[in-house]
Amino acid sequence: MIFSSPQIVSIAVAIGLSLSAQAASFPKDNSVVQYWGQNSAGAGANAQKPLATYCDDSTDAVIMSFVSDFNLGGLPSLNLANSCDGTYFPGSNLLTCPQVAEDIKTCQKKGKKVLLSLGGASGAYGFQNDNQAVKFADTIWNLFGKGNSKTRPFGDAVVDGFDLDIEGGGPTGYVALVKQLRKHFATDSSKSYYMTAAPQCPFPDAMLGSVISSVGFDAINVQFYNNYCSTGGNSFNMDVWDKWARETSPNKNVKILVGIPGSPSAAGSGYVPFEQLKPIIESVAAKYKSYGGISIWDASQSYRNTDISPNYAAAVGKLVHSGSSSGGYNPKPTSTTTSIAPSVTKSSHSRRPTKPSSSKGSSSTSSAAPAATNSPSSTCAKQGKACTTEGQYVCVGTSFAICNHGKWVVQPCAAGLTCFSTTDASSIYCAQGTGSTNSCAIASNPLSAGDPNGATAKPYKSSRVNAELSVTNSDANAFEAVINARKLDIRPFKNQVVVQFKAPKNIKVSHVSNGKVKQQGNDVKLQIRNPHKKSMAVVFTIKGKVESGVFAAPEAKSMKFSY
């Protein structure tokens, strides 16, 4: 991961860095971060390999995932799926992982940074006040940092920092946790420590938005997937995150890493094939000073993905390591007293833990629905102007345009809705939001990755749940969408989640992942089996028919969750 301190920490670390040609540039240059630990690729030949397997020249840092249940006042739960499924410390759900401990040391000797992530979609976590967070920071420092405890899962191996992948539970306490961890980092002069976070791309993030704006982080692994602002769509909002990094972040040298799925099955939506990803990242690297590389969910997916030879992970590594960052931008040292710098002293997949194996709106048009095209955003659509791809749909501000008999016909979305690109960039849909998508601005510079040309979706928000709906694809007859729901309080979703909303008249929902659908008229009821007994987030896919016009999303205030 890209981190901001250029200081040399010790001769021993310098020797370690020399063992890997790629790692020699770390942390000064752009980096690749792999999340590891959840075996999202599944069983058999695809199963997650030991940690050290992934500490090669393609990867600069690995984030182990997750500490999934904080269990305040006791020992937390550590879940690394098939990589640590044996012995628990007596009277706890805390695993002892001797092989992972050896792998951590192996990776660090190669110059790789190894961090530990807190949270994830599943489990139960969160704080009611700052005092709880401070005590928990002390606990994880003693268990995984340079502190002291008789119950250290990785023995004498010491992680290089912590990552916040807070998918639910709200922001309370996390600023205090980061500040307390920084104090602990400052007590160890033998190495550098880092704090990173993994907010979702809708800005500001519902969980971490206020946190990352209140205390300094070294890198932000933005999840540009499972949402309308995915990397491959026209609402990719790298511009917003870059502006935040430069103008709002307490650490003006913070790095923004583009978070992507490692394969089509790694997330509910948002996977970008490498040949499509390459020009996007090249444009981002050239344009944004805060760009720091790519983070991938997860290693088990990206290393087995042969979308490109030899695999996706290797291709991404080559792309990132051969690129330049914003005209030779070099981070400046930051003072540790500001709590910013490192201390020198699918199905619908989400980032959810896997159990250890041993326990282990109506449209205003009646025309044909959108036809999928390869790159609708490459066309500037104006009323009456000639077009070449019959049936193509593109956004024109808050309206949309249809290529009809060789000419563009511009029509408005229904009242109160604006036009969005589908996350696969093949078509469009209408939903509540602000701003608009300007196809002409996009067409003038097809590689304008992250330009503010996309609309901002309105979340489905109640006192306890924040949810985002994004349409993956839509054609003349059908649609597929992802709903990404997150708890705003510390009480998790249980084993069954019920979602109700009013669908536009032209939309019929016929399928929901892990559940069943009932629709009477416009009233839709989804009964979803949560794969886990408790989780802070649920991500699920819905599919159905578009009977006329274009897909229109349900009105935000109509969506209700019960569990």
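Residue numbers for the sequence shown, in mature numbering (1 follows the signal peptide of the UniProt record, and there is no 0): -23 to -1, 1 to 540.
Even glycine gets a Cβ: it sits at the ideal position worked out from N, Cα and C.
Every value quoted in this text rests on a predicted model; they were computed, and no experiment measured them.
Practice problem: Whole angstroms is fine: what's the gap from Asp33's alpha carbon to Ala196's? | Solution: If I take the Cα positions, the gap works out to 21 angstroms.
Self-check item: Residue from Gly492, Asp466, Gln473, Thr375 with nearest C-alpha to Ala434
Solution: In this structure, Thr375 is the residue among Gly492, Asp466, Gln473, Thr375 with its C-alpha nearest to the C-alpha of Ala434.
Practice problem: Compare the C-alpha of Val459 against each of Gly393, Asn203, Asn228, Tyr248 and name the closest. | Solution: Restricting attention to Gly393, Asn203, Asn228, Tyr248, the CA atom closest to the CA of Val459 is found in Asn203.
Self-check item: Limits of the alpha helix (DSSP H) - the one that Tyr151 falls within
Solution: Note, Tyr151: alpha helix (DSSP H), 151 to 162.
Exercise. Spell out the partners DSSP gives Phe213 in its beta bridges.
Key: BP columns for Phe213 are empty, so no partner.
Quiz item: Looking only at its own chain, which residues have a Cβ that is under 7 angstroms from the Cβ of Val486, when we skip the five neighbours before and after it?
Solution: Ala480, Val494, Gln496, Val501, Ile519, Gly521, listed in sequence order.
Quiz item: Excluding sequence positions up to five away, which residues of its chain have a Cβ less than 6 angstroms from the Cβ of Cys61?
Solution: Close CB contacts of Cys61 within its chain, under the 6 angstroms cut and outside five residues either way in sequence, are with Leu72, Cys74, Val77 (chain order).
Practice problem: Look at the alpha carbon of Val(-11) and the alpha carbon of Lys87, and state the distance between them as a whole number of angstroms. | Solution: At Val(-11), the pLDDT of 36 sits below 50, so the modelled position is not reliable; the number obtained from the coordinates is stated separately. Rounded to the nearest angstrom, the two C-alpha atoms are 9 angstroms apart.
Quiz prompt | Under 8 angstroms between C-beta atoms of Ile233 and Ser267 | solution = Taking a C-beta distance under 8 angstroms as the contact criterion, Ile233 and Ser267 qualify as a contact pair.
Practice problem: Please check the pair Ile273 and Gly239, which I expect to be a contact at CB under 8 angstroms, by giving their CB distance rounded to whole angstroms. | Solution: That belief holds up - the Cβ atoms of Ile273 and Gly239 are roughly 5 angstroms apart, short of 8 angstroms.
Exercise. Please report how far the alpha carbon of Ile237 lies from the alpha carbon of Val249, in whole angstroms.
Key: If you draw a straight line from the Cα of Ile237 to the Cα of Val249, it comes to about 8 angstroms.
Self-check item: Reduced DSSP category for Pro241 - H, G, I as helix; E, B as strand; rest coil
Solution: Three-state result, Pro241: helix.
Quiz item: Below 8 angstroms, can you find three or more Cβ-Cβ pairs linking the region 163 to 172 to the region 135 to 155?
Solution: Cβ pair count under 8 angstroms is three or more, so yes.
Quiz item: Considering only residues of the same chain and omitting the five flanking positions on each side of Phe104, which have a CB-CB separation below 6 angstroms?
Solution: Cβ neighbours of Phe104 beyond the five flanking positions: Ala110, Thr149, Gly150.
Quiz item: Would Lys464 be called buried (16 or more neighbouring beta carbons within 10 Å of its own) or exposed?
Solution: Buried: at least 16 other Cβ atoms inside 10 Å.
Quiz item: Do the region 15 to 24 and the region 112 to 125 make contact, defined as three or more Cβ pairs closer than 8 angstroms?
Solution: Output reads no: the region 112 to 125 does not touch the region 15 to 24.
Quiz item: Does the count of Cβ pairs from the region 382 to 391 and the region 434 to 452 closer than 8 angstroms reach three?
Solution: Of all C-beta pairs linking the region 382 to 391 to the region 434 to 452, fewer than three are shorter than 8 angstroms, placing the two stretches out of contact.
Self-check item: Asn211 versus Phe397, Glu367, Ser299, Glu224, residue with shortest Cα-Cα distance
Solution: Asn211 has its Cα closest to that of Phe397, out of Phe397, Glu367, Ser299, Glu224.
Quiz item: In whole angstroms, what is the alpha-carbon distance linking Ala244 and Phe162?
Solution: Ala244 and Phe162 have their C-alpha atoms roughly 33 angstroms apart.
Quiz prompt | C-alpha distance - Val39 paired with Pro27, whole-angstrom precision | solution = The C-alpha of Val39 lies about 12 angstroms from the C-alpha of Pro27.
Quiz item: Would DSSP call Leu234 helix, strand or coil?
Solution: In the structure shown, the three-state DSSP call for Leu234 is strand.
Quiz prompt | First through last residue of the alpha helix (DSSP H) which encompasses Glu367 | solution = Bounds of any alpha helix (DSSP H) do not take in Glu367, whose DSSP letter is neither H nor E.
Quiz item: In this structure, does DSSP put Lys495 in helix, strand or coil?
Solution: If DSSP states are grouped into helix, strand and coil, Lys495 belongs with the strands.
Practice problem: Using only alpha-carbon positions, find the residue among Ile379, Val373, Ser404 that is nearest to Cys364. | Solution: Restricting attention to Ile379, Val373, Ser404, the CA atom closest to the CA of Cys364 is found in Ile379.
Self-check item: Between the CA atoms of Arg159 and Gly294 - distance to the nearest angstrom
Solution: In this structure, the alpha-carbon of Gly294 lies about 30 angstroms from that of Arg159.
Exercise. Please check the pair Phe478 and Ser525, which I expect to be a contact at CB under 8 angstroms, by giving their CB distance rounded to whole angstroms.
Key: That pair is no contact at about 20 angstroms.
Exercise. Output the boundary residues of the alpha helix (DSSP H) element that contains Gly186.
Key: Where Gly186 is concerned, the enclosing alpha helix (DSSP H) stretches over 186 to 189.
Quiz item: Which residues mark the beginning and the end of the beta strand (DSSP E) in which Tyr171 is found?
Solution: For Tyr171, the enclosing beta strand (DSSP E) stretches over residues 171 to 174.
Practice problem: For Asp16, name the three-state secondary structure that DSSP assigns. | Solution: According to the sequence displayed, residue 16 carries Asn and not Asp. Asn16 carries a coil assignment under DSSP once its states are collapsed to helix, strand and coil.
Quiz item: Which residues in the same chain have their Cβ closer than 6 angstroms to the Cβ of Thr36, if we skip the five residues on either side of it in sequence?
Solution: Result list for Thr36: Val9, Gln11, in chain order.
Quiz item: So the alpha helix (DSSP H) Ser398 belongs to, where does it begin and stop?
Solution: Note, Ser398: premise wrong, no alpha helix (DSSP H); beta strand (DSSP E) at 395 to 398.
Self-check item: CA-to-CA distance, Gln253 to Ala453, given in whole angstroms
Solution: Taking the straight line from one Cα to the other gives about 24 angstroms.
Practice problem: Please classify Lys471: is it buried, with 16 or more other beta-carbons within 10 angstroms of its beta-carbon, or exposed? | Solution: Lys471 is exposed by the Cβ-count criterion.
Quiz item: Are there 16 or more other CB atoms within 10 angstroms of the CB of Ser167, so buried, or fewer, so exposed?
Solution: Ser167 comes out exposed.
Quiz prompt | Option in Val199, Val516, Asn70 with minimal Cα separation from Asp216 | solution = Minimum Cα distance to Asp216 is reached at Val199.
Practice problem: Note down, in chain order, each residue of its chain lying with its Cβ closer than 6 angstroms to the Cβ of Lys82, except the 5 sequence neighbours on either side. | Solution: By the criterion of a C-beta distance shorter than 6 angstroms, Lys82 is surrounded in its chain by Ala134, once the five residues flanking it on both sides are discounted.
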